[in-house]
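Residue numbers (our numbering): 1 to 441. Where a beta carbon is used, it is the ideal one built from N, C-alpha and C, also for glycine. No experiment lies behind these values; they were computed from the predicted model shown. Down below is the structure, laid out as structure tokens.
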Amino acid sequence: MSGSPQQTRRVILASLIGTSLEWYDFFLYTTAATLVFPQLFFPSLDPFNATLASLTTNAVAFVARPLGGIVFGHFGDRAGRKTVLVVTLLVMGISTFLIGVLPGYASLGVAAPVLLALLRFVQGLGLGGEWGGAVIMSLEHGDGRRRGFNASWPQVGVPAGYVLATGLLTILSFAQSDEAFLSWGWRVPFLLSGALVFVGLWVRLRITESPLFAEVAQQGAKARMPLLEVLRTHPRALLSAFTARIGVDVAFYTFTAYIIVYITGQLKLDRSVALNAVLIGSALQLVLIPLFGSLSDRLGRRPVYFAGVVAAAVWVFAFFPLLDSRSFPLIALAAVVAMITHAIMYGPQAAFIAELFSTRLRYSGASMGYQVAGIVGGALAPIIAVQLYQTYQSTLAVSVYVVIALAVTAVGLAIAPETRDLDLTESVPGDKQPGPVGPFA
């Protein structure tokens, strides 16, 4: 069962717009945490420890994301996908707007960074529930032969949000003096979120519920306690989703967040060098992510995913030497190829993780596996990278760390079944989990 082609396109558009807005909000914070927050909220610390403290508040969102995945996943499997997606968009938009009006340390003292971390936590709750719903709505509405392509569109929200957030901050930082940007300029993109969220709500309120979930509800087969049932019936799927995600996250935040810290802190180059390089790579991902999602419909999820793991593991050893050149064309090359390797993994990832779980437990299972990995991966990656460089005074240590994380992802792929050809309707009545079908078939 799937929605009509027109409804499928509407769902994909709603998922893409809503997810882009939520990632816009999320990346605003990530970027500001490296450019603005150390001076604004941690002025009493030396530059290194101020950056570390700022990155730690950034990591709070990754701790909140699994909780958001659990809470919103429960209601997504109980009340439906559509309702939850509207709520998560509101949670993210309101918290981002409030960050934009939050006074700094000079006005509130220690309460300022505490409130900042609290709002970042709320952002994490919203994003934790967003990803699973957006991906599953796109997956469950569309043609079964195009699930990889359809489910990849919410993934496009990541580079779209990054381009929008970083682009606005870059324009503002370029157009203003450092004093004006630190004083009020950085707040403008956060305040814009309050207006943008209404666009996302208008689009999302016009879509229909997932037809697969509607069938589950009609049969009276909804799970009473989805998370507990996932833990009992899908332990291998959870392990695979968790491990398959870790390396992707570590590589991504090394390529997009730590690059800013390294270029501004170690190479003493202007922040626009790093931001512009990553912007170019992120813009390219807008096309590449659905391309590799579509390729996974033809070749399988795991072969495409694994190719990206190998490519990222090789490229990370060229990444830092290219940055060390201090030449913008070479720095841009480093970022662009890095983002290509990420797109190869990220394109098939959404369908791969969501297809591991039966329909009645899909929201909870996919959200839990995906978001818990974010703590080990994205939350810690910039912090660990900073500490590794501080300890060894070498980017080789950072590269080895990324490769180890990617090796964990390779293991996660190896223990998982190929999910491309599964008939998702067969899992509606019960929780039959697909068995392994060969290394990378």
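- With respect to the C-alpha of Gly-80, the residue from Gly-378, Arg-362 and Ser-152 having the closest C-alpha is Arg-362.
- In terms of Cβ geometry, Pro-154 and Ser-364 do not form a close pair [threshold 9 Å].
- The three-state secondary structure of Phe-62, taken from DSSP, is helix.
- Check the Cα spacing between Asp-249 and each of Thr-51, Arg-10 and Gln-371: the tightest is with Gln-371.
- Nearest neighbour of Leu-164 by Cα position, chosen from Val-376, Arg-301, Asp-25 and Arg-245, turns out to be Asp-25.
- In the displayed model, Pro-103 falls within coil according to three-state DSSP, outside both helix and strand.
- Two segments are said to touch when three or more pairs of C-beta atoms, one from each, lie closer than 8 Å; by this definition the segment 347-355 touches the segment 291-305.
- CA-CA distance, Gly-128 to Ala-366, rounds to 11 Å.
- Sorting Ala-381, Ile-171 and Leu-89 by C-alpha distance to the C-alpha of Ile-404 places Ala-381 at the top.
- For the pair Ser-240 and Gly-369, the CB atoms are nearer than the 9 Å cut-off.
- For Tyr-392, the uninterrupted alpha helix (DSSP H) segment begins and ends at 381-392.
- Counting only runs of 4 or more residues that sit fully inside the segment 393-420, the alpha helix (DSSP H) segments are 395-414, in chain order.
- Burial of Gly-93 is indicated by the presence of at least 16 other C-beta atoms within 10 angstroms of its C-beta.
- Contact annotation: Thr-31 and Thr-208 have beta-carbon atoms that are not nearer than 9 Å.
- In the DSSP annotation of this structure, the continuous segment of the alpha helix (DSSP H) that includes Tyr-305 starts and ends at 301-324.
- Annotation: the continuous alpha helix (DSSP H) that includes Ser-20 extends over 5-35.
- Judged by beta-carbon spacing, Ala-312 lies within the 9 Å limit of Gly-247, meaning their Cβ atoms are closer than that value.
- If you look at Arg-204, you'll find it in the alpha helix (DSSP H) that goes 187-204.
- Within the model, the alpha-carbon separation for Ile-260 versus Ala-214 is close to 45 Å.
- Beyond the five residues adjoining it in sequence on each side, Leu-196 comes within less than 8 Å, by CB distance, of Leu-21, Tyr-24 and Gly-93 in the same chain, given in chain order.
- For the set Ile-344, Ile-340 and Ser-173, the Cα lying nearest the Cα of Phe-306 is the one of Ile-344.
- Approximately 46 Å separates the beta-carbon atoms of Leu-231 and Leu-267; this is outside 8 Å, ruling out the contact.
- If you draw a straight line from the Cα of Ala-217 to the Cα of Leu-125, it comes to about 26 Å.
- Scanning the segment 235-270 from its first residue to its last, the whole alpha helix (DSSP H) runs of 4-plus residues come out as 235-253.
- In the structure shown, the three-state DSSP call for Phe-72 is helix.
- A residue is called buried once 16 or more other Cβ atoms fall within 10 Å of its Cβ, and Ile-171, having fewer, is exposed.
- Ranked by Cα distance from Val-84, the options Leu-201, Gly-265, Gly-377 and Asp-423 are led by Leu-201.
- Its chain contains Ala-332, Ala-335 and Val-336 as the residues whose beta carbon lies nearer than 7 Å to that of Ile-280, once the 5 sequence neighbours on both sides are disregarded; these appear in chain order.
- Leu-35 places its beta carbon less than 9 Å from that of Trp-186.
- Here Met-225 carries a coil assignment [DSSP, helix/strand/coil].
- In this structure, Thr-57 lies near Phe-37, with their beta-carbon atoms less than 9 Å apart.
- Cβ-Cβ separation between Ala-53 and Leu-45: approximately 6 Å, consistent with a contact (criterion under 8 Å).
- Rounded to the nearest angstrom, the gap between the Cα atoms of Ala-237 and Ala-180 is 50 Å.
- A distance below 7 Å between beta-carbons, with the five flanking residues on each side excluded, links Ile-12 to the following residues of its chain, in chain order: Ser-138, Asn-150 and Trp-153.
- In the structure shown, Thr-88 adopts helical secondary structure according to DSSP, grouped into three states.
- Here Gly-378 is near Phe-252, since their CB atoms are less than 9 Å apart.
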